[in-house]
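K.L.:
Each position in the first sequence, counted from 1, maps to that position plus 178 in the numbering used here. Attaching a single structure in structure tokens format; questions to follow.
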Amino acid sequence: MTPNENPQNPGQPQQISLNDQMKRRLEERLHLAESGVNPYPCHFDVTHFSDSIITNFEDDATETVSVAGRIMTIRKMGKASFFHLQDANGRIQIYLKKDDVGESSYQTFKLLDIGDIVGVKGYTFKTKTGEISVHAQEFSLLSKSLRPIPIAKEKEIDGQKVVYDAFSDKELRYRQRYVDLIVNPDVKQTFIKRSAIVSFMRGFFTGQGWLEVETPILQPIYGGAAARPFTTHHNALDMQLYLRIANELYLKRLIVGGFDGVFEFAKDFRNEGIDRFHNPEFTQVELYVAYKDYEWMMKLVEELFYQAACAVNNCDSVVFLGNDISLKPPFRRLTITDSIKEYCGIDISDKDEHELRSMARDLGLELDPKISSGKIIDEIFGEFVEPKLIQPTFITDYPIEMSPLAKEHRSKPGFVERFELIAGGKELCNSFSELNDPVIQRERLEAQSKLRQRGDEEAMIVDEDFLRALEYGMPPCAGLGVGVDRMVMLLTGQDSIRDVIFFPHLKPE
RNA sequence: GAGAAUAUAGCUCAGUCGGUAGAGCAUCUGCCUUUUAAGCAGAGGGUCGAAGGUUCGAGUCCUUCUAUUCUCACCA
């Protein structure tokens, strides 16, 4: 695409709406170039970052530093000026005096705007009012900004930072995340933490000797979860493909192949509704470990969340959705049957579909007459129990109909060895002892495909190649899926998934 | 999918009963060599989300549409 082409309407020049401020900045860009100042030079030698200058400052020892960043505030006072420069780590005040930088350089400075990126060389000092600053000896323009950034002003009152005119339009913040990141420092911190959480998990897993792998996103048959997929088309092969809804079936093939532990940070895609807990594309880390079961996996998950919280927050408790949550192990464990007994006062064990349905009706739950007993239990749980589980809780031993890929419970017929981790009333993890009997797995998938024929769009499809892999023999195995976005929400205290994804899905402008 | 709210200057927001489009910040001009929501004096800046309608007259009332936000539904 040529630079001036309109992406929405190829062939047409792009309509850049020019307001007065942009016009002026464009003229300034030309004016600077004509007067011999390159508005976009190639490099600048940075020696210091704002945060380290401030931490290492000593009153009687000035230090020569080169810093670079974006101009965020300007206070011009005739022949001297102050401005704040924002670099990757924070802000530092710069003091610029005409006598020090020279007439022409000072004239150039006076043309600059908030939003321009500059480099400054100077020495550190503390102003009359006590702010650690850099006294500029040289400065240079590094990149001219053509669009005015939203200016939020800050004032400290009794140590409390008060922000005026903050850039707060949520739509604009999501659409122009780059601006959000420039002007709202907390946003940047959330994403730095997100990266730290992912790094921590990667280290936690590889430290055990498990292998990080990559498996297909474009799949001819989707599986591993109950969800509607996105479809796409491969032209050369002229075939329909699906964007993965999970990578479970591929990772298990790798366990068959002889790896003892594999994991993948997977972007998954589900063609479903959008709300503050769901984005159409989201990140899930899935982990499979041979010769282990779900009991073992629960201990691992406790450690994972506890250590991750300590690593990124230096603290084992968080505030999530308005609740104080402690991530100190052990987490409470409760079978789904016991949880319903506790929160609804009813005993669902050994009840048939008819009895369960009337119990649900007594609780005031309207149910689709087509759904079977496992799904009824899930509905009761989802409606009356899950929202009440604020502290981290493992809910275990789900009805077998809901879990076609999990192994039947070793001592409870009709249930599987499965757990979910719930915190703040929301599911964060799902895990089971993986079903590795290929004959039973085939039966379960075929039962799913019957549900599918009856109109359940989320029922799974029989994946013959996956079954073939199991027929070669898969060791006993524990599997885990962690919703990374939700885990980041929990550990950063964000109430919406949109605040932990840089570019959440929005309709086109 | 349903309901509620929102959409006015680059940003944050006022706009009363339908009668000339407002403020602060930002921008521009002038003054100002340790300021910090810098200050002082002046100036410019608007297709009031889009399209229809009612009316002598619509930012304001009505209809439709678009987008967003929140809640609910759906959703491992």
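Cβ atoms here follow ideal geometry from the backbone N, Cα and C, with glycine treated the same way.
Report the rounded CA-to-CA distance for A312 versus K348, giving the unit in angstroms.
P.N.:
In the sequence on display, residue 312 carries Val and not Ala. So the alpha carbons of these two residues sit roughly 35 Å apart.
K.L.:
Could you check where the beta strand (DSSP E) with E605 kicks off and where it finishes?
P.N.:
Where E605 is concerned, the enclosing beta strand (DSSP E) stretches over 604-611.
K.L.:
In chain order, which alpha helix (DSSP H) runs of at least 4 residues are fully inside the region 592-665?
P.N.:
The qualifying runs are 616-631, 642-649.
K.L.:
Would you kindly work out how many angstroms separate the C-alpha atoms of R325 and N197, rounded to a whole number?
P.N.:
When rounded, the distance between both Cα atoms is 9 Å.
K.L.:
Based on Cα-Cα distance, which residue from L482, A404, R380 lies nearest to N449?
P.N.:
Among L482, A404, R380, the Cα nearest to that of N449 is on A404.
K.L.:
Find the nearest neighbour of C493 within the set K470, G671, G657, I549, judged by alpha-carbon distance.
P.N.:
Closest by alpha carbon: G671.
K.L.:
Take L648 and list the residues in its own chain whose beta-carbon comes closer than 6 Å to its own, dropping the five residues that flank it on each side.
P.N.:
Cβ neighbours of L648 beyond the five flanking positions: P616, Q619.
K.L.:
So the beta strand (DSSP E) L512 belongs to, where does it begin and stop?
P.N.:
From DSSP, the beta strand (DSSP E) with L512 extends over 510-513.
K.L.:
Less than 8 Å between the CB of D229 and some heavy atom of the ligand GTP, yes or no?
P.N.:
Inclusion of the ligand GTP in the displayed structure is not the case, the ligand content being empty and no account of it being possible.
K.L.:
By alpha-carbon positions, which one of R431, S282, T409 ends up nearest to L421?
P.N.:
The candidate whose alpha carbon is nearest that of L421 is T409.
K.L.:
Go through its chain and collect everything with a Cβ distance to R596's Cβ below 8 Å, but skip five positions before and after it.
P.N.:
Answer for R596: Y472, T574, D575, Y576, S581, A584, N608, S609, F610, S611, listed in chain order.
K.L.:
Quick check on the DSSP output: the alpha helix (DSSP H) that includes E533 runs from which residue to which?
P.N.:
Where E533 is concerned, the enclosing alpha helix (DSSP H) stretches over 531-540.
K.L.:
Have a look at P653 and I395 and give me their C-alpha separation to the nearest angstrom.
P.N.:
Cα to Cα, the separation comes out at about 25 Å.
K.L.:
Please state whether DSSP places K257 in a helix, a strand or coil.
P.N.:
The answer is coil: DSSP assigns K257 none of H, G, I, E or B.
K.L.:
Check whether the Cβ atoms of G657 and L389 sit closer than 9 Å, and answer yes or no.
P.N.:
Not a contact, by the Cβ cut-off of 9 Å.
K.L.:
Output needed for E241: all residues of its chain with C-beta closer than 7 Å, excluding positions within five of it in sequence on either side, in chain order.
P.N.:
Contacts found: Y301, T302.
K.L.:
What does the alpha-carbon distance come out to for the pair D673 and I272?
P.N.:
So the two alpha carbons sit approximately 37 Å from each other.
K.L.:
Using only the alpha-carbon positions, how far apart do P219 and I232 sit?
P.N.:
One C-alpha to the other measures close to 28 Å.
K.L.:
Provide the residue span of the alpha helix (DSSP H) that contains M200, from first to last.
P.N.:
Residues 198-212.
K.L.:
Which one of Q199, G337, K333 has the shortest CA to CA distance from T251?
P.N.:
Ranking the options by Cα distance to T251, first place goes to K333.
K.L.:
Excluding sequence positions up to five away, which residues of its chain have a Cβ less than 7 Å from the Cβ of T225?
P.N.:
Cβ neighbours of T225 beyond the five flanking positions: V243, S244.
K.L.:
Can you name the residues that DSSP bridges to N501?
P.N.:
Answer is F498, bridged to N501.
K.L.:
Are the region 316-331 and the region 289-300 touching by the rule of at least three beta carbon pairs closer than 8 Å?
P.N.:
Contact between the region 316-331 and the region 289-300 is present, because at least three Cβ pairs lie under 8 Å.
K.L.:
Provide the residue span of the beta strand (DSSP E) that contains L320, from first to last.
P.N.:
Here the beta strand (DSSP E) through L320 covers 310-321.
K.L.:
For the structure I just gave you, are there three or more beta carbon pairs, one from the region 542-561 and one from the region 484-501, closer than 8 Å?
P.N.:
No, the region 542-561 is not in contact with the region 484-501.
K.L.:
Output the boundary residues of the alpha helix (DSSP H) element that contains K348.
P.N.:
348-353 is the span of the alpha helix (DSSP H), which, as asked, contains K348.
K.L.:
Short check: CB of I691 to CB of V467, under 9 Å?
P.N.:
Because the chain spans 179 through 687 in this model, residue 691 falls outside it and cannot be assessed.
K.L.:
Just tell me which of S495, I327, F382 has its CA closest to the CA of L478.
P.N.:
Of the candidates S495, I327, F382, the one whose C-alpha sits nearest the C-alpha of L478 is F382.
K.L.:
Does the region 547-567 come within contact of the region 489-509, defined as at least 3 CB pairs closer than 8 Å?
P.N.:
Result no; under three Cβ-Cβ pairs closer than 8 Å.
K.L.:
To the nearest angstrom, report how far apart V662 and Q285 are at their CA atoms.
P.N.:
Cα-Cα distance, rounded: 51 Å.
K.L.:
Tell me the DSSP secondary structure of G381 in three-state form.
P.N.:
Three-state DSSP puts G381 in a helix.
K.L.:
Compare the Cα-Cα distances from F227 to each of E212, P565, A246, A211 and report the closest residue.
P.N.:
Closest option to F227, Cα to Cα, is A246.
K.L.:
Mapping DSSP to helix, strand and coil, what is T233?
P.N.:
In this structure, T233 counts as helix in the three-state DSSP scheme.
K.L.:
Under the rule that 16 or more other beta-carbon atoms within 10 Å means buried, what is G400, buried or exposed?
P.N.:
Here residue 400 is Tyr; the residue named in the question, Gly, does not match the sequence. Counting Cβ neighbours within 10 Å, Y400 comes out buried, since at least 16 surround it.
K.L.:
Under 9 Å between the Cβ atoms of V463 and V660?
P.N.:
Taking 9 Å as the Cβ cut-off, V463 and V660 qualify as a contacting pair.
K.L.:
Leaving aside the five residues before and after P188 along the sequence, list all residues of the same chain whose C-beta is less than 6 Å from its C-beta, in chain order.
P.N.:
With a pLDDT of 33 at P188, under the threshold of 50, the modelled position of this residue cannot be trusted, and the question is left open.
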